[in-house]
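2 protein chains.
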Amino acid sequence: MLKIAVMGHGVVGSGVLEVFYKNRAAMERKAGTEMDIKYVLDLRDFPGLPYSDKFIKDFELIANDPEIRVVVEVMGGLDPAFSYVKRCLEAGKSVVTSNKELVAAKGAELLRVANEHDVNFFFEASVGGGIPIIRPLHACLVANQIDEIAGILNGTTNFILTKMIREGMSFDDALALAQQLGYAERNPAADVEGFDACRKICILASLAFGRHVYPEEVHTEGITQLTLEDVEYARAWGGVIKLIGRAKRLPSGKVEAMVSPALVGNDSQLASVDDVFNAVLVRGDATGDVVFYGKGAGKLPTASAVVADVVDAVKAQHSSTSLRWEDNPAHDTVQGYFDNEVRMYVRISYDNFDKAMRAVVDLFGGVKPLYRSGSEDEMAFITGVCTEREMTQRLDALAARGIPVLGKIRVLDY
Amino acid sequence: MLKIAVMGHGVVGSGVLEVFYKNRAAMERKAGTEMDIKYVLDLRDFPGLPYSDKFIKDFELIANDPEIRVVVEVMGGLDPAFSYVKRCLEAGKSVVTSNKELVAAKGAELLRVANEHDVNFFFEASVGGGIPIIRPLHACLVANQIDEIAGILNGTTNFILTKMIREGMSFDDALALAQQLGYAERNPAADVEGFDACRKICILASLAFGRHVYPEEVHTEGITQLTLEDVEYARAWGGVIKLIGRAKRLPSGKVEAMVSPALVGNDSQLASVDDVFNAVLVRGDATGDVVFYGKGAGKLPTASAVVADVVDAVKAQHSSTSLRWEDNPAHDTVQGYFDNEVRMYVRISYDNFDKAMRAVVDLFGGVKPLYRSGSEDEMAFITGVCTEREMTQRLDALAARGIPVLGKIRVLDY
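Going line by line, the protein sequences match chains A and B. Just so you know, we're using the numbering used here here: the first sequence kicks off at 1 and counts up by one. Just so you know, we're using the numbering used here here: the second sequence kicks off at 1 and counts up by one.
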């Protein structure tokens, strides 16, 4: 009988236990062996559960128990998750995790350690919750060059944006509602500032391009500056605002990567992804665009991805799969973002329309103005394409000519 | 060096050769072994290709060559593909196919033969072209019960419908354009009558529900009866018409399965799938709704799926994976379609509006009428839910009361 340890009994951890015991027979059939969970590691007590006797507080019991072949890490955070996971791999145990922070910061190192010890480090649940994305992306790579990935990777911000777009709710009200519904944390920074989406695009980009992309390399903007006026202009333009994490292979060998709000046209497959749903668009040279869509978070979707990884880890025992990428200690996989090409939605206010339009045309050439109802001292427009550096210079010049810039959002073409 | 044979050098077959030689180094790295294509079986001659020396016309060379470990079947059709594939499996060779007709008609049998001989029968490319769907669905099954699958499974019909919806092109003109662009065959019946979509939903349903669903069991309607008037009423209702293949687990243990045109609301993830794209929605009890989207056909997308399967077959040598389902020689997996529950869009013409409305209300209860511009002697409405049997009776009764039914389309809620 193969034995498993689960480290962490929070939302995902308790879901893993639930899904495991519900589907145990089917899992054993697929894995070709009987299996059971031997330990659940958590500092808290959970009396009255059918598996309360499995709880332990000492990690050493797991590390030193040769019977444990697969360890599930669902504690979250880097410390002590990183040292625990590394020690398990070094002890010849495969590890399955849903911890995106861990994979984004330490993926290359942990994959190398796993490979050196002929075990596996799997992390399907770290991106897109229950949406199968890591494994299909890895399979796609066999016969494709992945050129680009773009996704709605954070359900909380997508819920907030959906409320702003569909119901005209303000950012603050939508955030409060998300908190009330349990979609957002009390401290929502990791979601609304884009850090969570950043970790996820780092994981996808590392896998797709074969070299670790670190979160520190990726310019990241959140959604806290967005207003209902922006939403209205986006509608006038024919699109919606989404928080998009994206990464693109450049001819130089570097990667363009960024997380930011973006206008996407209504006919984009990403435009219709609403509420807490996620979607990942993968652009391969043979497959063309493939999109994976589903619930990006939640107890049971995430737990089901973890449990599927456990079965794969059991099946792949005694061999390390080809799932890995190179480390890049220099942290220079990503091109400096000022060199990225960009097209921008810009919202300005003015006293004198003719003077404002002259300044805009001088700096940006011919543009199509966008209007919203009931407003006479402001407008918006979509620029042509230039580098981020030039864009910043032009926007600064606009302000210098007495035209205040009220808002700006990148325009993407997916 | 592991040797491969490719049977069939049509569009997909030549794509397989192209993708294989382009990605050979990466494939060998992933597979952990060197490999090459030894034979290409085709009755035609292809002089002047870099691999022209590999062509053979005699299948026996493949069947009797112990060096051949993996065989790619991309001939299409049942005869001789079925007997060739079966003999390869019996000879201990794994087989990869893109042939949906073969898998839909003989999948259970071929999977059993593969299992008996410790080899594999893989068919990722048979559904959704380059979209990874078979393997993710199989992985989903580890920790999920799949309750329902619905998809836009045929790119040709979706292209035609998109032209009707977006450009007001008639069915005949859109079909002619699809033929001109190479999306539709000279004889378009397999596409426009829904047979192709039927085979694909059979494959997905068999995998999801564990028992073979035969195409003969699945009530199948094509798109040849659809008119631009239907498209206009669908718009008035707030949706679009798509050709949907679907299958649903019933409490009785049977499966509800059908291919038909359907109205789906504009906020459905399936509504925005346009042109030759496909999408498959999978409803799992833990994951919720997951959607896979991409190009459902085409030389390189399909070939890349075949090639990824080849690598998996090489990696899984000497063991048969858990990918399989039970046969059902009685062909009664699917519930008789008259027992299905249905909601219908109905289009009628009338001489006397009040008389028509009285008949409609008598037979269907309160309904919301739909109108289209410029028409005064017809209308449409959406019924409540009843069985297909009752629906047929009510529509017959409507006609008997002198109200001609000009069109009817099922309304789905995805």
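We put the CB at the ideal spot given by N, CA and C, even for glycine. Note that the structure is predicted; figures quoted are calculated from it, not measured.
With distances taken Cα to Cα, identify the nearest neighbour of A:Tyr293 among B:Val282, B:Ala297, B:Glu124 and B:Ala286.
When each option's Cα is compared against that of A:Tyr293, the closest is B:Val282.
What three-state label does DSSP hand A:Phe417 in the structure shown?
The first residue shown for chain A is 1 and the last is 414, placing residue 417 of chain A beyond what the model contains.
Buried or exposed, going by whether 16 or more other CB atoms sit within 10 Å of the CB of A:Tyr233?
Classification of A:Tyr233: buried, given that the 10 Å Cβ count is 16 or more.
Looking only at DSSP bridge pairs, what is A:His219 linked to?
Partner(s): A:Met258.
Rounded to whole angstroms, what's the CA-CA distance from B:Ile241 to A:Arg166? Just pull it up for me.
In a straight line, the C-alpha of B:Ile241 is about 24 angstroms away from that of A:Arg166.
DSSP on B:Phe123, reduced to helix/strand/coil?
Coil.
Could you tell me whether the Cβ atoms of B:Leu370 and B:Ala380 are closer together than 8 angstroms?
Yes, Cβ-Cβ distance for B:Leu370 and B:Ala380 is below 8 angstroms.
Check whether the stretch 127-143 of chain A and the stretch 332-349 of chain A are in contact - that is, three or more C-beta pairs closer than 8 angstroms.
With the cut-off at 8 angstroms, the stretch 127-143 of chain A and the stretch 332-349 of chain A do not touch.
Under 8 angstroms between C-beta atoms, does A:Ser349 make it to chain B?
Output row for A:Ser349: interface = no.
Only counting the same chain, and skipping five residues up and downstream in sequence, which positions put a Cβ closer than 6 angstroms to that of A:Thr418?
Because chain A here runs from 1 to 414, residue 418 of chain A falls outside it and cannot be looked at.
Classify B:Ala184 as buried or exposed, calling it buried when 16 or more other Cβ atoms lie within 10 Å of its own Cβ.
Counting Cβ neighbours within 10 Å, B:Ala184 comes out buried, since at least 16 surround it.
Taking one C-beta from the stretch 58-75 of chain B and one from the stretch 34-50 of chain B each time, how about it: are there three or more such pairs within less than 8 angstroms?
The answer is yes - the stretch 34-50 of chain B touches the stretch 58-75 of chain B, with three or more Cβ pairs under 8 angstroms.
At a Cβ threshold of 8 angstroms, is B:Arg29 touching chain A?
Interface residue, yes.
Using a Cβ cut-off of 8 angstroms (strictly closer), state whether A:Gln269 contacts chain B.
True, the Cβ-Cβ gap to chain B drops below 8 angstroms.
Quick one: using the 10 Å Cβ neighbour count with 16 as the cut-off for buried, is B:Met1 buried or exposed?
Classification for B:Met1: exposed.
To the nearest angstrom, report how far apart A:Ser304 and A:Leu412 are at their CA atoms.
About 33 angstroms.
Are the CB atoms of A:Val255 and A:Gln180 within a distance shorter than 8 angstroms?
No.
What whole-angstrom Cβ distance do A:Lys86 and A:Ser126 have, given they're in contact under 8 angstroms?
The pair is not a contact, with the Cβ atoms about 16 angstroms apart (cut-off 8 angstroms).
Following the continuous beta strand (DSSP E) through A:Leu2, name the residue where it begins and the one where it ends.
Where A:Leu2 is concerned, the enclosing beta strand (DSSP E) stretches over Leu2 to Met7.
Identify the contact partners of B:Asp289 in chain A, using a Cβ-Cβ distance below 9 angstroms as the criterion.
The contacting residues are Phe277, Tyr293, Gly294 and Lys295.
Would you report the Cα separation of B:Val290 and A:Ala397, rounded to the nearest angstrom?
So the alpha carbons of these two residues sit roughly 46 angstroms apart.
Given A:Arg199, which residues of its chain have a CB within under 7 angstroms of its CB, disregarding the five upstream and five downstream residues?
Excluding positions up to five away in sequence, the list reads Lys100, Glu101, Ala104 and Pro215.
Would you kindly work out how many angstroms separate the C-alpha atoms of B:Asp339 and B:Ile146, rounded to a whole number?
Roughly 21 angstroms separates the two Cα atoms.
Tell me A:Val334's beta-bridge partners as DSSP assigns them.
Answer by DSSP bridge pairing, in chain order: A:Val255.
Give the residues of chain B in contact with A:Leu300, contact being defined as C-beta atoms less than 7 angstroms apart.
Within chain B, the residues near A:Leu300 are Ala286.
Considering only their Cβ atoms, is the gap separating B:Leu89 from B:Ala114 smaller than 8 angstroms?
Yes, these two residues count as a Cβ contact at 8 angstroms.
DSSP state of A:Asp274, grouped into three classes?
Three-state result, A:Asp274: coil.
Could you give the uninterrupted runs of the beta strand (DSSP E) lying entirely in the stretch 274-359 of chain B, keeping only those of 3 residues or more?
Whole beta strand (DSSP E) segments, 3+ residues: 277-284, 288-295 and 341-349.
Measuring only between beta-carbons, confirm whether A:Ile131 sits less than 8 angstroms from chain B.
Judged by the 8 angstroms Cβ criterion, A:Ile131 is in contact with chain B.
What separation, rounded to the nearest whole angstrom, lies between the Cα atoms of B:Pro301 and A:Ala139?
So the two alpha carbons sit approximately 13 angstroms from each other.
Please state whether the Cβ-Cβ distance between B:Val264 and B:Ile201 is less than 8 angstroms.
Not closer than 8 angstroms, so no.
Answer with buried or exposed for B:Gly238, where buried requires no fewer than 16 other C-beta atoms within 10 angstroms of its C-beta.
Burial call: exposed.
List, in chain order, every chain A residue whose beta-carbon is nearer than 8 angstroms to that of B:Ser322.
Going along chain A in sequence order, the residues near B:Ser322 (Cβ under 8 angstroms) are Arg29, Lys30 and Gly32.
Under 8 angstroms: do the stretch 167-178 of chain B and the stretch 212-227 of chain B share three or more Cβ pairs, one atom per stretch?
Yes, the stretch 167-178 of chain B touches the stretch 212-227 of chain B.
Considering only residues of the stretch 35-94 of chain A, which uninterrupted beta strand (DSSP E) runs meet the minimum length of 3 residues and lie entirely inside it, listed in chain order?
Listed in chain order, they are 35-41 and 68-73.
Just reading off the beta strand (DSSP E) that A:Ala247 is part of, what are its end residues?
From DSSP, the beta strand (DSSP E) with A:Ala247 extends over Gly239 to Arg249.
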